[in-house]
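Following: one structure in structure tokens, then a few remarks.
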Amino acid sequence: MDASVNSLEGLMKDPSQLADIIKDPATHGLDFYNGLSGKQKQYVLLAAGIGLIAYAIYVGRQGDNNQSKSA
């Protein structure tokens, strides 16, 4: 892959790359990630971290709702 295709911008322009990554994240996902620049890798990791924090808050609130219903 050339540098223009293997970038976050290239991923938005060619959604078929995203389909390949979803089908086989171990191969295509890691190849794509390893081809990103350092700054783009930081963006991906930041987005993943924010997503994990948001998911943890969501799961925590679901647990609070379940406890209050059973009490």
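Numbers 169 to 239, taken from the working numbering, label the letters of the sequence shown in order.
Heads up, the beta-carbon is just placed ideally off N, CA and C, and yes, glycines get one too.
_Contact the stretch 206-213 vs the stretch 179-194: 3+ CB pairs below 8 Å_ = No: the two stretches stay apart, fewer than three of their Cβ pairs being nearer than 8 Å.
*What's the C-alpha gap between Tyr226 and Asp232?*
Per the coordinates, the alpha-carbon of Tyr226 lies some 10 Å from the alpha-carbon of Asp232.
_Asp170 - DSSP class collapsed to helix/strand/coil_ = Unreliable placement is indicated for Asp170, whose pLDDT of 49 sits below 50; the coordinate value is still reported in the next sentence. Asp170 falls in the coil class under three-state DSSP.
*asked:* Quick check on the DSSP output: the alpha helix (DSSP H) that includes Ala187 runs from which residue to which?
replied: Membership of Ala187 in the alpha helix (DSSP H) is indicated by the continuous run Pro183 to Lys191.
*Just reading off the alpha helix (DSSP H) that Leu204 is part of, what are its end residues?*
Leu204 -> no alpha helix (DSSP H), and no H or E assigned at all.
*Can the beta-carbon of Asn174 be found less than 8 Å from the beta-carbon of Leu204?*
Yes, the Cβ-Cβ distance between Asn174 and Leu204 is below 8 Å.
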